[in-house]
Each structure stands twice: as structure tokens, then as C-alpha cells.
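Comments concern the structure below.
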Amino acid sequence: MAKYNITEKKEKDAAYRNLVSPQLMDELKEKILEIILLQKKYKDKNYSAKDLAVDLGTNTRYISAVVNVRFHMNYTSFVNKYRIEEAMALLVDKRYVNLNMEEISDMVGFANRQSFYASFYKICGCTPRDYRLRHSSQYNVLREKQRKQTRKSATEGNKEVQE
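Heads up, the sequence shown is in the numbering used here, so the first residue is -13 and it goes up one at a time.
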């Protein structure tokens, strides 16, 4: 069994994909990108394909068809892709060095840590923690400073207790 229970995607040919005209697909594609990416709806844990369909005045089958044909993935994978891209940026940003993985996961729109880790591993091939360690020299420097400060505080605290 693969790590994080990831299985190979089987390609299916859904008949409804052919019902959407290429012009409508292009139009919906732009609107989907506007809402999901520019309005950052991917950060909303509860924003579903149904919500997107309502916002666009269409139905979920059309949304599914456009995402499958134009982006070559399902709706969940499409949204998670943007969540992971943002998480990757946050993980190496020195302003967020003190945030743990649950906090990062929450900031980018995942409902739980497990789905965050599974999606991250699927896209990046490593865990979020490993990614942070590999890609953030500032993270390592700041962590080392924090460790030294903690040791220094503990040592000073022990000296005060002894005196």
C-alpha cells in the first residue's frame, strides 16, 4: 500500500463532458479561475463544487466537466493544488516560521491535518515538514536561534534556583 493511501487515478470517459460546448468551457474556465484563484475561495474549507456552480449560475456537472477537461483533474484535486502551492510558500516564509503544520493546514483551507499531509505528499513527494526543512535556510537558522535561546533561558533559570 502506498504512503498516505494514494491510489492511481483511473481515466473515465463521462458522457456529460461532451455536452458542454468548447466556447462555454472556455468561459467557465475563466470564471472558475477568477473565483477559486483570484478570490482565493480555495482557502474556504466549506466551498464546494456546488457552491461554485451556484456562484456561476450553472450546475455541478458543468463544473466537473470543465475542471476535468480544461485542468485534467477533479474539483478536489484542483482546489488542493492551490492550497498546496500556498502552503509551500508559507512553509519557507520566515514570517510563519513559528507556525506548526496544523496552523499552516488551516490557513490554506484544509479541514484536517491528514488530508493536508496526503495532498502535500501527492503533489510534492515529501511531507510538509520535510519540505520546510529542505527549502528554508532561514527556518533552520531561526530554529537554531530559538533552541539556543531556550537552552540559555533554562541554564539561567537553573542558576537562579541554585543561588
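We treat Cβ as the ideally placed atom computed from N, Cα and C, and that holds for glycine.
Ranked by Cα distance from residue 120, the options 62, 98, 75 and 96 are led by 75. Sixteen is the threshold: since fewer than 16 other Cβ atoms of the shown chains lie within 10 Å of the Cβ of residue 8, the residue is exposed.
Scanning its chain for C-beta atoms nearer than 6 angstroms, with the 5 sequence neighbours on each side dropped, one finds around residue 106 the residues 70 and 114, in chain order. Following the DSSP letters along the chain, one finds residue 110 inside the alpha helix (DSSP H) bounded by residues 99 to 110. Counting along the chain, residue 12 sits inside the alpha helix (DSSP H) bounded by residues 8 to 19. Annotated as proximal: residue 29 and residue 95, with beta-carbon spacing under 9 angstroms.
Between residue 103 and residue 93, the C-beta gap is not smaller than 9 angstroms, which leaves the two residues out of contact. Comparing alpha-carbon positions, the option among 62, 131 and 45 lying closest to residue 97 turns out to be 62. Of the other Cβ atoms in all chains shown, fewer than 16 fall within 10 Å of the Cβ of residue 40; this residue is therefore exposed.
In the three-state reduction of the DSSP assignment, residue 25 falls in the coil class, being assigned neither a helical nor a strand state.
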